[in-house]
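Heads up, the thing below is written out as C-alpha cells.
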Ligand code: FES
Ligand code: FES
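In the numbering used here, the protein residues as written are 518 to 722.
In C-alpha cells:
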C-alpha cells in the first residue's frame, strides 16, 4: 500500500524529472551566453594573474585589466589600442618597441606594464593635436630616413631621447647612442642626418 508520503515523493520526482527534461531542452541556448559572461566575470574577479593597471599614455589616463605578466608593449598594442610601437624581436634586441617613460627611453617589450608609474609617450603622442609633426618626425621625412616603417617609430622615439640626453653632439655620438635601434634597410646615414636636422629645432644644437 502506498502511503501519502510516498505519493508526494513520487510526484515530486516526476516534477523534478519534468523540470530536468525541460531544462535540458532550453539550457544550451539560454546558458551559453550567461556562462560565457559568468566565466569572464569570474576570471576577472578570481584569476589571481589578472590585475587592473592605470597608465598615463600620451596625456590620457588609460585603464586595463590584464595578466600581471603583460609587457608594456603588449598593454599598449593589445589593451590600449596603440599599435605604433612595434614588436620586432620581443627580446630587447632591436629597439622597435622603444617608448618614453617619464621622458626616458625604455624597451617596452622588456618592461612589465604593472611596473610603470610615470607617463608614457609613444609615437602616436609626438605630433601636436593640430597635426603638426614633431621636429624629429619631420626630419625623418625630409631626410628620407626610413623605408620599411617597422623600425621607424622606435627610431624616432629613441632619436628624440638621444637629443634630449645630450648624446647627439656629433655623428659618432649619434651612431653610438642610436646603436640599440636596428634598421635592416641601411637607413643609418639618413637617420643620422635626420637627428642632426631635428636637434637644431629641438634647441639642442
Ligand atoms: Fe623590444 Fe625588439 S621588440 S627590443
Ligand atoms: Fe625599418 Fe630599415 S626602415 S628596418
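Quick reminder that beta carbons are idealized off the backbone N, C-alpha and C, glycines included.
Remember, predicted model here, so these are calculated numbers, not experimental data.
Same chain, Cβ closer than 6 Å to residue i, neighbours up to 5 away in sequence not counted
i	result
residue 579	572, 597
residue 718	652
residue 700	668
residue 697	612
residue 594	600
Three-state secondary structure assigned by DSSP to residue i
i	result
residue 613	coil
residue 523	Because the pLDDT of residue 523 is 45, which lies under 50, any placement of that residue in the model is unreliable, and the question is left without a value.
residue 669	helix
residue 709	helix
residue 624	strand
residue 699	coil
residue 600	coil
residue 633	coil
residue 591	helix
residue 641	helix
residue 578	strand
residue 571	strand
residue 584	strand
Cβ-based neighbour list, residue i, same chain, cut-off 8 Å, excluding 5 preceding and 5 following
i	result
residue 641	575, 599, 601
residue 654	643, 644, 673
residue 659	711, 714
residue 566	584, 585, 586
Own chain residues within Cβ distance below 7 Å of residue i, not counting five before or after
i	result
residue 702	664, 665
residue 590	602, 604, 614, 625, 626
Buried or exposed (CB count within 10 angstroms, at least 16 for buried), residue i
i	result
residue 621	exposed
residue 606	exposed
residue 661	exposed
residue 695	buried
residue 583	buried
The region 667-679 in contact with the region 608-627 per 3-pair CB rule at 8 Å: Touching, yes.
Three or more C-beta pairs below 8 Å linking the region 630-648 and the region 696-710: Judged by Cβ distances under 8 Å, the region 630-648 makes no contact with the region 696-710, as fewer than three pairs qualify.
Residues with C-beta closer than 6 Å to any heavy atom of ligand 2, in chain order: Per the CB criterion, closer than 6 Å to any heavy atom of ligand 2, the qualifying residues run in chain order as 663, 664, 665, 667, 668, 669, 700, 701, 702, 704.
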